[in-house]
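Chemist: Quick note on this note's numbering: the first sequence kicks off at 256 and runs consecutively.
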Amino acid sequence: MTEIGTFRESDARDLAPRLLGWTLISRIGGEEVAGRIVETEAYLDASDPASHAATRGGMTSRNRRMFGPGGTAYVYFVYGRHWCFNVVAGPEGSPGAVLVRALEPLGGTEVMLRRRGGREPLASGPARLCEALGIDGAFDGHDLSRPPLRLECGGVAAGEVAVSGRIGVSRAERLPLRFYIRGNPHVSTGPHEPAASGVA
DNA sequence: ATACCGATGGACT
DNA sequence: GTCCATCGGTATA
């Protein structure tokens with residue numbers, strides 16, 4: 256349960272809440288930066304209309320890493336300017352990934368602040384955390400058990416996990432596939448979510 | 001070939 | 001609260 260290898264045995268729906276409390280450590284560019292995962296979202300297979308796996312052609316050049324083995328990265332580019340980072344779930348061949356939406360900074364905050372152009376928050380929001388950690392398309396498919404970008408196991412008490420609908424999607428937005436640490440101030444607040452306090 | 005649009009964030013009223 | 005930059009991937013012709 257705490258080994259990264261078990262990511263191959265869980266689908267994205269199961270993995271998303273379990274990733275809360277894990278640490279993501281980046282040594283990209285030679286500078287170590289780390290954060291605790293406080294918010295995730297699950298994106299499932301072709302039956303999930305909000306998932307990149309739900310494309311007519313099945314596996315495509317963009318989404319192919321979603322079909323890779325659990326424990327690797329799926330990194331994609333959106334809105335012409337932002338990168339988003341996912342942890343792939345499930346065995347090779349079955350698509351699914353967990354979008355990491357927010358980190359609680361644990362170390363290297365000066366590096367994060369510099370990469371963020373002096374703007375806060377440092378790592379609350381999927382594109383902000385990629386900028387703070389130096390993650391870009393070069394890490395699409397990267398094995399997250401090894402440097403320069405790796406996961407270290409962690410977790411939170413079951414009672415601290417809150418659930419809601421996913422943010423920023425226009426389809427299947429009500430499915431309870433967003434997970435966050437209740438009350439954590441580094442959880443990103445969505446467009447229409449007042450604050451990270453309630454349950455879904 | 002080409003039109004459409006997004007798993008966002010920052011600037012602005 | 002609203003607006004929109006910016007561009008690769010996907011869908012369509």
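Beta carbons are placed, not taken as given, at the ideal position from N, Cα and C, and that holds for glycine.
What do you get for Pro272, buried or exposed, if any count of 16 or more other CB atoms within 10 angstroms of its CB means buried?
Modeler: Buried is the call here.
Chemist: Closest to Ser425 by CA distance: which of Val342, Ile390, Ile280, His307 is it?
Modeler: With distances taken between Cα atoms, Ser425 lies closest to His307.
Chemist: Scan the region 377-444 and note each continuous beta strand (DSSP E) run of 3 residues or more that stays entirely inside, going in chain order.
Modeler: The qualifying runs are 404-407, 416-419, 433-436.
Chemist: Under the three-state reduction of DSSP, which class applies to Leu361: helix, strand or coil?
Modeler: It is a strand residue.
Chemist: Ignoring anything shorter than 3 residues, give me the beta strand (DSSP E) runs that lie fully in the region 266-315, in order along the chain.
Modeler: Fully enclosed beta strand (DSSP E) runs of 3 or longer: 278-281, 288-298.
Chemist: How long is the line joining the alpha carbons of Ala455 and Arg371, rounded to whole angstroms?
Modeler: Bear in mind that a pLDDT of 42 at Ala455, under 50, signals an unreliable position, so the number given afterwards is only what the model happens to contain. Cα to Cα, Ala455 sits roughly 31 Å from Arg371.
Chemist: Skipping 5 residues on each side, what residues in its chain have a beta carbon closer than 6 Å to that of Tyr329?
Modeler: Same-chain partners within the cutoff: Arg320, Met321, Asn341, Val343, Ala352.
Chemist: Would you say Ile283 and Pro403 are within 7 Å of each other, going by their C-beta atoms?
Modeler: It is a contact, given that the beta carbons lie within the stated cut-off.
Chemist: Closer than 6 Å by C-beta to Gly345: which residues in its own chain qualify, once you throw out the five before and the five after it? Chain order, please.
Modeler: The answer, listed in chain order, is Asp266, Gly325, Gly351.
Chemist: Within the chosen definition, does the region 362-370 reach the region 385-403 through at least 3 CB pairs nearer than 8 Å?
Modeler: Because the criterion of three Cβ pairs below 8 Å is met, the region 362-370 and the region 385-403 touch.
Chemist: Do Ala357 and Val442 count as a contact pair if the criterion is CB distance below 7 Å?
Modeler: In contact: Val442 and Ala357 (Cβ atoms closer than 7 Å).
Chemist: Using alpha carbons as the reference points, say which of Tyr334, Phe394, Val411 lies closest to Gly423.
Modeler: That would be Tyr334, whose Cα lies nearest to the Cα of Gly423.
Chemist: Can Ile436 and Leu270 be called in contact, C-beta distance under 7 Å?
Modeler: Not a contact, by the Cβ cut-off of 7 Å.
Chemist: Quick one: Cα of Leu430 to Cα of Glu347, how far?
Modeler: Straight-line Cα distance between these residues: approximately 25 Å.
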